[in-house]
Structure formats: structure tokens, C-alpha cells
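Undergrad:
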Amino acid sequence: MTTLEAVRRRVESDARTYGYYLNPDSKFLADLIEGLKTNEDRYGYPSCPCRLASGKFVVDRDIICPCDYRDPDVIEYGYCYCGLFVRKDIVEKKKPIQSIPERRPREKIALASKPQKMEKPTEFVPALTAIHLKTKLKMWYCKQCGYVVFREEPPYICPICKAKKEMFEEIRATIYLGT
Amino acid sequence: MKIVKVNGRKRSHKVFMYAISTCAWCKRTKQFLKDNNVEFEYVDVDLCNDEEQEKVEREISRRGGELVFPTLIIDDKILIMGYKADKISEALRL
């Protein structure tokens, strides 16, 4: 069993690393932290409190907080799907926020409600890899410190040296994934 | 499936909500409906068993939705995905 304090410390540290803020609404934030703790206790990992998890790691891996969709969502909407991580300008605007569209691929969402998910979750790996490959992942490097990352867009700030997004350059290379 | 009914004075629309027990947007939607005195029913889908979850997925897909939460079904036809206070107010004429 984890504690609310441990979850809070972890998300605070993660927000600092990536240059985000936590949701400024303290009640909303407390609900999210409690949701993450509940998921960590029942599934063994802190999957997104606002998404339906299957309870199987291989299927839920992309929605473990911080989820795979956090950074593109913060870039596009100013905050992540559950509203935990928020961009500075949104915090400063103090405007009430509402739900944003779900970025997770439909095929993955559909898997979460299938009863067969409980039997051999590893059978889903090739399908999950195929869905993953459909996204436009690229390699980026930080021109200030050399940190390399593989994702659609460069991070909001460099998690290592805190350089801004503009300091990232794309590495053009051919990458072979899976088989 | 454990369906919870929340009483309210406004009963002119049938409001049903698919929610997740840990979801902050779902909690906010429930609170919004309570604050506006709207009677509604909800089910926390994460607490349902596999068969029930499949049934929920079919119910939502049939209406053109996806398994995203909260999903609100108003009068068996209007589907609102996510916490959208303005859309809920419009549909319920609040």
C-alpha cells in the first residue's frame, strides 16, 4: 500500500522535472492523487485515474501516470487528459478547465473492456506494438546537454538541463522497431 | 451492475452517467448535477465485472460513443463525453 503523501511527492517531482505545474484547484488535485493511490493499490501501478484500466500491465502501460499522451496533450490543450499536469499559462489564466478529447487510440480503449484480457495479456503485445507504430515517433536531441528522446514532439523543457523545447533538434535516422 | 440513484428536484430529463470511481472529472460532473439539483443515475464502470464492462461498451458504442469517462446519456439519446458544463447546461436547460 502506498500513501497519499508518497503519490503527491512523486507527481510534484515529475511536474518539476518536465516544467509543468500541478492542477491549481486543490480539491481537484486531491481527488486525482487519491485516484492514483487507489489504482496503485488495486493494480500495482498508478494508471490514469480518469481512464478505464484492464488491470494488466501490458495493456495499461501507456496510461500509467505520467501517461504517453501527457506531453502532446499539454502542448495542444495546456493540460493532460485527467487535468493533473498543467502548463504555466493555463495556471496563470485561472480560467475553469473542462475535459479534453481522448488521444489514446480507440483500439487500445476497446481492449480495456474485453474479458479475455484477463487470460493471456502477452498475446496483445504484437497488436499493441502495431498501434504504437502508427504514431509518428521521432528522435530528438537537446542541443544543450545531448539528452536524446524518442517521441512525436520534443519535450516542453529538457528534463535534464531544463533547456526550452526550441533547443531540441530532430535526429534523422531510420529506426527498426519490432519485427 | 450497481446503479446509484441521486435524488434531485429537477426530473424532467432522464440523466444517466457512466463514471469511474477514481476520476476527478466524473466527481466534478456528479457535483455539478447535484449543485443544480438534477436527479440522475450513475454507474462506476471500474467497479463492474468484465461482463458488465462489455455490456457498458456495447451500450456506449450503440450511441456512437467510446469508453471515455464521464459519458452522460440524456433522455436516451444525447451523448456528452467528458465534463462539459456548458453542454450539460444546454441539454438540460439549466
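Residue numbers (the numbering used here), protein chains in the order written: chain A, 1 to 179; chain B, 1001 to 1094. Glycine included, each C-beta is placed from N, C-alpha and C at the ideal position.
Taking DSSP as the reference, what is the three-state secondary structure of residue 163 of chain A?
TA: In this structure, residue 163 of chain A counts as coil in the three-state DSSP scheme.
Undergrad: Name the DSSP beta bridge partners of residue 1038 of chain B, please?
TA: B/1010
Undergrad: Check residue 1044 of chain B in the structure and name its three-state DSSP category.
TA: Strand.
Undergrad: Does chain B have any CB closer than 8 Å to the CB of residue 166 of chain A?
TA: no
Undergrad: Specify, as a first and last residue, the run of the beta strand (DSSP E) that residue 170 of chain A falls within.
TA: 168-171
Undergrad: Check this for me: beta carbons of residue 1039 of chain B and residue 1062 of chain B, under 8 Å apart or not?
TA: no
Undergrad: Using the Cα positions of residue 141 of chain A and residue 1093 of chain B, report the straight-line distance between them to the nearest angstrom.
TA: 51 Å
Undergrad: For a minimum of 3 consecutive residues, which ranges assigned as the beta strand (DSSP E) are wholly contained in the region 71-101 of chain A?
TA: none
Undergrad: Using a Cβ cut-off of 8 Å (strictly closer), state whether residue 98 of chain A contacts chain B.
TA: Taking Cβ atoms only, chain B reaches closer than 8 Å to residue 98 of chain A, which makes this a yes.
Undergrad: Confirm, please, whether the CB-CB distance from residue 32 of chain A to residue 1024 of chain B is below 8 Å.
TA: yes
Undergrad: Can you tell me the Cα-Cα spacing of residue 145 of chain A and residue 156 of chain A, whole angstroms?
TA: 15 Å
Undergrad: Is residue 35 of chain A close to chain B, meaning its C-beta is less than 8 Å from at least one C-beta of that chain?
TA: yes
Undergrad: Give the interface partners of residue 109 of chain A over in chain B, defined as CB-CB distance under 8 Å, in chain order.
TA: 1066, 1067, 1068
Undergrad: For residue 176 of chain A, which residues does DSSP report across the bridge?
TA: None; residue 176 of chain A has no bridge partner.
Undergrad: Relative to the alpha-carbon of residue 152 of chain A, which residue among A/19, A/86, A/59, A/103 has its alpha-carbon at the smallest distance?
TA: With distances taken between Cα atoms, residue 152 of chain A lies closest to A/103.
Undergrad: State the start and end residues of the unbroken beta strand (DSSP E) segment that holds residue 151 of chain A.
TA: Note, residue 151 of chain A: beta strand (DSSP E), 148-151.
Undergrad: Determine which residues share a DSSP beta bridge with residue 1072 of chain B and list them.
TA: B/1017, B/1080
Undergrad: Between residue 112 of chain A and residue 1067 of chain B, is the Cβ-Cβ spacing less than 8 Å?
TA: yes
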